[in-house]
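So the structure is just underneath, and the comments pick up after that.
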């Protein structure tokens, strides 16, 4: 390998020696290999830990805006502030928490697991209070802003250490990739659970749409929600369904999700053992800005994250607007829940396929094929006249692409993080990746909201103006396709192909074996003395 191409290249001058084989080293290496293997139970317990992030994220993403407008009855301007500030705060806290995790001391439970354990009780309490309507009318905005930001911070204290935990459950890349596949399957299942639990419980007290003519100036635009809220007791809610019943339904749903959150955290904590291997020594502490310099100076990491930034933004635009697209552009108001369910189920069922594919043909090839597989169906869904069967087919195909988008980033990150320079600072690398994906989510939310606002979107309207239909087609087809193509171009500059990945893996293994050999020699010398 030529020097200077990136941080993925490691020097092996000190590794290639003609030292005679020591039987003790062979035995110790065999024990290490056996220790690196993860049982199915270990992988499942690790995977369960990824469910809370997806369940709560799905529930908040689909229902929080409707809840703030129609149940808490906030002014749309204040609701927008809560949503945007919450997302921005969530993104900012990731690198900060990652920096703090990297500086935290090792305990008998590990370095990552204590963060998960102690953040869980506070996180579930703050999540539950998000879905509670306070009796103080003038304090609602502060209430929701505080508890939304607090929950995002505590969720970050859970998710960043959990993401970095991948590096500490095993040193074997195959075992980590396999555990990641289990995790992605459970996380996709978590999105199904989040949608089902929140949707079914709240759906029992869900208000119908408001039949308003598109030409009515009073109700055009997102800012009409305040005026519509004046009729909340007579028009918005169905006969027999009161506002208090709807509030109770949201609290029951949040209580159920909090119970699942706690259960998953307990399974993760007691089912996974964080390993402190001798071959992963603790690096010297560095400042926050030094951590940023370390991350941004890692060429392969930056290229990988930038590529996934654009592809993630594409899928977030598709997922965030597909329900509205089904309801208003395609006219499937009564079927959109089932269509979303098909997407999530298809993603969950096809993750094992993508795990097999990346093992067989390489991760970089899996990125190209998996990410681009949804493009023909994105074009088809906006070009073909509204048809429920075709929509289900497109939804299944989109789910296949979502599976690849879920699996591949977390499977490829260890390839660029597992190097001598990042030892002891893995949480910083993972937190910055989470920061960029959440930043993409914030951009997606902003673009969607502003675009629909400019197009004249009518809140809770049964029909929408033609400009809204055109905007939704752009948001679920043209814009995601363009972002995917940009991401694929960026991936061409990603230097770690399958051949180089295997070479790096071999060099790292030789380095670890050399360190084991040094430890054995040191132990023998101590015994002799």
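Residue numbers (the numbering used here): 3 to 531.
Glycine is no exception: its CB is placed at the ideal position from the N, C-alpha and C atoms.
Residues near residue i in its chain [Cβ-Cβ closer than 8 angstroms; skip 5 each side]
i           : result
residue 382 : 392, 396
residue 88  : 147, 150, 151, 154
residue 262 : 53, 54, 57, 195, 199
residue 67  : 81, 85
residue 43  : 273
residue 217 : The predicted position of residue 217 is uncertain, since its pLDDT is 48 and thus under 50; a value taken from the coordinates is nonetheless stated next. The answer is none, since no qualifying residue turns up.
residue 107 : 113
Nearest neighbour of residue i, chosen from the options [CA to CA]
i           : options            : result
residue 480 : 493, 496, 465, 378 : 378
residue 180 : 49, 497, 473, 191  : 49
residue 295 : 152, 434, 206, 85  : 434
residue 376 : 345, 467, 389, 91  : 345
residue 195 : 156, 56, 109       : 56
residue 351 : 371, 401, 263      : 401
residue 103 : 373, 93, 90, 117   : 117
residue 469 : 155, 454, 442, 202 : 454
residue 153 : 93, 252, 201       : 93
residue 490 : 407, 456, 476      : 407
residue 442 : 476, 466, 485, 403 : 485
residue 301 : 347, 139, 97, 493  : 493
residue 369 : 206, 487, 64, 389  : 487
residue 95  : 367, 109, 161      : 161
residue 446 : 63, 110, 51        : 63
residue 347 : 90, 390, 105, 398  : 398
Cβ-Cβ distance between residue i and residue j below 8 angstroms
i           : j           : result
residue 418 : residue 165 : no
residue 315 : residue 353 : no
residue 113 : residue 416 : no
residue 133 : residue 256 : yes
residue 101 : residue 128 : no
residue 496 : residue 192 : no
residue 197 : residue 343 : yes
residue 307 : residue 298 : no
residue 121 : residue 159 : yes
residue 264 : residue 53  : no
residue 249 : residue 73  : yes
residue 466 : residue 252 : no
residue 244 : residue 313 : no
Spatial neighbours of residue i in its chain, beta-carbon cut-off 6 angstroms, leaving aside the 5 residues before and after
i           : result
residue 119 : 271
residue 365 : 414
residue 145 : 136
residue 412 : 182
residue 349 : 190, 401, 404, 405
Buried/exposed call for residue i, threshold 16 Cβ in 10 Å
i           : result
residue 39  : exposed
residue 167 : buried
residue 176 : exposed
residue 323 : buried
residue 99  : buried
residue 123 : exposed
residue 163 : buried
residue 321 : buried
residue 440 : buried
residue 472 : exposed
residue 190 : buried
residue 204 : buried
residue 266 : buried
residue 359 : buried
residue 84  : buried
residue 456 : exposed
residue 97  : buried
residue 170 : buried
residue 139 : exposed
residue 357 : buried
Residues near residue i in its chain [Cβ-Cβ closer than 7 angstroms; skip 5 each side]
i           : result
residue 452 : none
residue 76  : 70, 142, 143
residue 199 : 255, 258, 259
residue 326 : 474
residue 115 : 271, 276
residue 45  : 180, 181, 184
residue 131 : 149
residue 361 : none
residue 186 : 353, 408, 409, 412
residue 558 : No answer is possible for residue 558: the residues shown for the chain start at 3 and end at 531.
Distance between beta carbons of residue j and residue i, contact taken as under 8 angstroms
i           : j           : result
residue 380 : residue 483 : 6 angstroms
residue 47  : residue 274 : 5 angstroms
residue 311 : residue 431 : Not confirmed; about 15 angstroms, so no contact.
residue 332 : residue 388 : 5 angstroms
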